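Novice: Dropping the structure in here first, questions after.
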Amino acid sequence: MKHKTRPRTVQPPARAGRSDAGDGLQSVQTAFRILDELSKAHGPVGLTDLAGTLGELKPRVYRHLSTLKGLGVVFQDARNGGYSLGGKLFSLGEAALEQFDLRFVAAPFLTRLRDLTQQTALLSVPGNGEPIVLSCLEYLDRLSIASRPGNRPPPHCSSQGRIALAFADESARKRVLGRKLAAFTPHSITDRQLIEARLNLIRERFFEEAVDEVRLGINALSAPVFRDDDEFIGIIGIVGTSAEIGTPPPRPLIRALHQVAGTLSAELNCRIYYEQGLIK
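Take a look at the structure:
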């Protein structure tokens, strides 16, 4: 006996912008926010604390953690149930550093900046409104001031951090400035209105300083790096004592920083520093 074949019901094609696509993107964003928060912790983080920091419901965060745990990018401590970054991320991080060519393209420019200014030179990349140090070159005849690759300067009160914030998208800025802003010294800027004013100034002058904000007696001077169609991809700068990098920063230091940041950006097919008249 043959079964009659029922006529197939043809579903209408999915339209762009449907909620399921939006939900998928939101899930990816939430997963990366979880990893970002775990990367800042100094030990395992409990589900309740993590959900509170993210402003998400515990069941939603738990589902993401379970998936990430299964993929090996999140580890759960059997003793206290807290979560931390998993070992899979170490291999992914090493592969990303090997494949990301900004370090190699920027290496001679970083050396030039160090030698021109006779200060420690730093190169960072922006990560969701926050800087991540890629390279550090010390000037050996000065007081040793170093920052290891992978370090994250505070986004609100460091020169590299405020550069990253100034050219981040609005959602990243709101996320960073919406949380509690720690004061590392009495000079750390933590007032959101003052920070916003500094970000506007950075977008005009293409440099930022942060004197005595992270450590007393230390100043840093940084500038953005761009590629192709004015895409912001990095931060290059110097760090030294407040006596050597004064405030306001000496014009020769600013010119040297702009020259190196501008020629590095031009190497990456972006001439915004020339167009803005900051270098010739």
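Numbering of the sequence shown is given in our numbering, commencing with residue 9 and proceeding in unit increments.
Ideal Cβ placement from N, Cα and C applies to all residues, glycine included.
Because the structure is a prediction, the values reported are computed rather than measured.
1. Assuming Lys96 contacts Leu118 under a Cβ cut-off of 8 Å, what Cβ separation, rounded to an integer in Å, is found between them?
2. Does the beta-carbon distance from Gly158 to Ile171 come in below 8 Å?
3. To the nearest angstrom, how far is it from the Cα of Ser155 to the Cα of Gly242?
4. Can you say whether Thr128 is buried or exposed, counting buried as having 16 or more other CB atoms within 10 angstroms of its CB?
5. Is the beta carbon of Leu224 closer than 8 Å to that of Thr193?
6. Could you check how far apart the C-beta atoms of Leu131 and Ala264 are, in whole angstroms? I think they sit under 8 Å.
7. Please report how far the alpha carbon of Thr75 lies from the alpha carbon of Gly135, in whole angstroms.
8. Taking the alpha carbon of Arg187 as the point to measure from, which residue in Pro163, Tyr281, Leu110 and Pro232 has its own alpha carbon closest?
9. Could you pull out every residue in the same chain whose Cβ sits closer than 6 Å to the Cβ of Ala29, ignoring the five residues on either side in sequence?
10. Would you tell me roughly how many angstroms separate the C-alpha atoms of Glu216 and Tyr281, rounded to the nearest one?
11. Under 8 Å, do Ala218 and Ser166 count as touching if we go by C-beta distance?
12. Would you call Leu148 buried or exposed, if buried means 16 or more other Cβ atoms sit within 10 Å of its Cβ?
13. In its own chain, which residues sit with a C-beta less than 7 Å from the C-beta of Glu221, not counting the 5 before and 5 after it?
14. From the DSSP output, read off the bridge partner residues of Tyr91.
15. Consult DSSP for Ala29 and reduce its assignment to one of helix, strand or coil.
16. Sort out for me which residues DSSP pairs Phe234 with in a bridge.
17. With which residues is Arg247 paired in a DSSP beta bridge?
18. Got a sec, what are the start and stop residues for the alpha helix (DSSP H) Pro139 sits in?
19. Between Gly285 and Arg111, what straight-line distance do the alpha-carbon atoms span, to the nearest angstrom?
20. What distance in whole Å lies between the Cβ atoms of Gly137 and Arg181, which are believed to be in contact at a cut-off of 8 Å?
21. Roughly how many angstroms lie between the CA atoms of Asp177 and Phe234, to the nearest whole one?
22. Put Gly135 into one of helix, strand or coil per three-state DSSP.
23. Could you pull the start and end residues of the alpha helix (DSSP H) that Ser74 belongs to?
24. When the distance is taken between beta carbons, is Leu55 closer than 8 Å to Lys66?
25. For Pro161 and Arg71, I'd like the C-alpha separation in whole angstroms.
26. Reducing DSSP to helix, strand and coil, say where Glu221 ends up.
27. Looking at C-alpha atoms only, which residue of Ala59, Arg68, Pro116 and Ile210 is the closest neighbour of Ile262?
28. DSSP three-state call for Glu216: helix, strand or coil?
29. Measure the Cβ-Cβ separation of Leu142 and Val133 and say whether it is below 8 Å.
Specialist: If we stick to the structure as given:
1. Contact flag wrong, Cβ pair sits at about 30 Å.
2. no
3. 16 Å
4. buried
5. Yes, the Cβ-Cβ distance between Thr193 and Leu224 is below 8 Å.
6. Rounded, the Cβ-Cβ distance is 15 Å, inconsistent with contact.
7. When rounded, the distance between both Cα atoms is 23 Å.
8. Pro163
9. With a pLDDT of 46 at Ala29, under the threshold of 50, the predicted position of this residue should be treated as unreliable, though the coordinate-derived value follows. Cβ neighbours of Ala29 beyond the five flanking positions: none.
10. 15 Å
11. yes
12. exposed
13. In the same chain as Glu221, and ignoring 5 residues on each side of it, the C-beta atoms closer than 7 Å to its own belong to Cys165, Ser166, Phe192, Thr193, His195, Ser196 and Ile197, in chain order.
14. Val53 and Gln84
15. Its pLDDT being 46, under 50, Ala29 is placed unreliably by the model, and nothing is read from it.
16. Phe240
17. Residue identity check: residue 247 is Val in the sequence provided, not Arg. Paired residues: Thr128 and Ala228.
18. First-last for Pro139: Glu138 to Leu145, but that is the beta strand (DSSP E), not the alpha helix (DSSP H).
19. 26 Å
20. 6 Å
21. 15 Å
22. strand
23. Lys66 to Leu79
24. yes
25. The straight-line gap separating the alpha-carbon atoms of Pro161 and Arg71 is approximately 31 Å.
26. coil
27. Looking only at Ala59, Arg68, Pro116 and Ile210, the smallest Cα-Cα distance to Ile262 is reached by Ile210.
28. strand
29. yes
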